[in-house]
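In the working numbering, the protein residues as written are 61 to 454.
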């Protein structure tokens, strides 16, 4: 098939949706499809530059810089593309199917052109309303989040036949908010390089430093402050070294809070290779986020054989990765997280046994397996484009 992805961010390295798009595009290309990507070219010095021989054809547009909104999105490391009909028409020439990633103007214009050209269109749901609401102090407002769900539906999703949902959780949310498209639950997947180290990391000696890690944008909905507060209450506080891998608007606040810990946390951006090394040498993975559509970062940690500690939030899909209650803690509870941290650090034998179980559990999410499922959705969109489809999800 000739597949066109429309995703505002593709050449940056600090965004989960971007990494998902790149991995899926390259995986589909390896399966023999011609994949084209329409995206907004980044001005970042460390962006990923197109290379000769790349398996994916790239079509760039300029960034859309809406006053006020641009500064807010820049702090979140999010970019919008400026709709350019000429570029869109060039990319869509001869296409079999168009797949949209976000409910933004670039995708909306691509939708209009695809409809005019009678090309079937699918979409993915990667932007959780809580990603917006938590950053303006309204994360707990059900009415505000419901309004965003409804806006996204009216703006984009009501016009597509099929929607990729990275988790059962978000599929249920779309059904609850009366989305009518056929929903396909397909994980964003984890690449093969995320796996346990060849040589198991040695157990820390008595009194030695204990490395723990969380990965994610440094923003209110990720709630990293909870981890730092829990470490202060842990019986191992003097030994725990926290790594917060990511960037975002909460960085200064987290550094101030982290300065109270006996061991200063390591906070900042890591390349994929650096992150892999960090994961493979850490003792525990903690995920404090209050809202998540999937949390590919947690899945990558699990694939590396780390036992996770996950916030059991009703706004998050991440609890799906927990194999038992010992890997879940009550949302926003510093005390419960501290107690669970202490449990796993006090029971190294049980932790090592569960590390093997967690690494095994990640095999169902390997990129080659989930790509086949996404390929099925795109194929069905082409094959059944002239037939009415019942709503529901697979």
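Think of the CB as a built atom: it goes at the ideal place given N, C-alpha and C, for glycine as much as any other residue. Only a predicted model underlies this, so the values are computations on that prediction, with no experimental measurement involved.
Please report the distance separating the alpha-carbon of residue i from that of residue j.
i, j, result
"residue 365", "residue 233", "30 Å"
"residue 166", "residue 129", "16 Å"
"residue 242", "residue 181", "12 Å"
"residue 347", "residue 178", "43 Å"
"residue 114", "residue 83", "13 Å"
"residue 61", "residue 401", "48 Å"
"residue 105", "residue 150", "In this prediction, residue 105 has a pLDDT of 49, which is less than 50 and means its spatial position is unreliable; nothing more can be read from the coordinates."
"residue 259", "residue 361", "16 Å"
"residue 322", "residue 298", "5 Å"
"residue 392", "residue 93", "45 Å"
"residue 5", "residue 230", "Any answer about residue 5 is impossible in this case: the structure gives the chain only from 61 up to 454."
"residue 367", "residue 101", "37 Å"
"residue 339", "residue 162", "29 Å"
Where does residue i fall in DSSP's three states?
i, result
"residue 354", "coil"
"residue 381", "helix"
"residue 141", "strand"
"residue 371", "strand"
"residue 183", "strand"
"residue 411", "helix"
"residue 403", "helix"
"residue 254", "coil"
"residue 105", "Note that residue 105 scores a pLDDT of 49, beneath 50, so its modelled location is shaky; the value from the coordinates is reported in the next line. Residue 105 falls in the coil class under three-state DSSP."
"residue 91", "coil"
Do residue j and residue i have their beta-carbon atoms positioned less than 9 Å apart in this structure?
i, j, result
"residue 156", "residue 63", "yes"
"residue 372", "residue 281", "no"
"residue 263", "residue 300", "no"
"residue 249", "residue 343", "no"
"residue 291", "residue 302", "yes"
"residue 383", "residue 87", "no"
"residue 375", "residue 190", "yes"
"residue 341", "residue 257", "yes"
Tell me the DSSP bridge mates of residue i?
i, result
"residue 273", "303, 345"
"residue 364", "The partner list for residue 364 (beta bridge, DSSP) is empty, contrary to what the question assumes."
"residue 98", "66, 119"
"residue 171", "BP columns for residue 171 are empty, so no partner."
"residue 376", "352"
"residue 389", "371"
"residue 444", "Its beta-bridge partners do not exist; DSSP assigns none."
"residue 239", "According to DSSP, residue 239 bridges with nothing at all."
"residue 291", "According to DSSP, which records beta bridges pairwise, residue 291 is partnered with nothing at all."
"residue 244", "224"
CB of residue i to nearest heavy atom of the ligand NAD: below 8 Å?
i, result
"residue 205", "For the structure depicted, the ligand NAD is absent and the ligand set is empty, with no information on it obtainable."
Any beta strand (DSSP E) of 3 or more consecutive residues that is wholly inside the segment 297-353: DSSP runs (the beta strand (DSSP E)) wholly in the segment 297-353: 300-305, 326-328, 344-347.
What runs of the beta strand (DSSP E), each 3 residues or longer, lie entirely inside the segment 182-228? DSSP runs (the beta strand (DSSP E)) wholly in the segment 182-228: 222-225.
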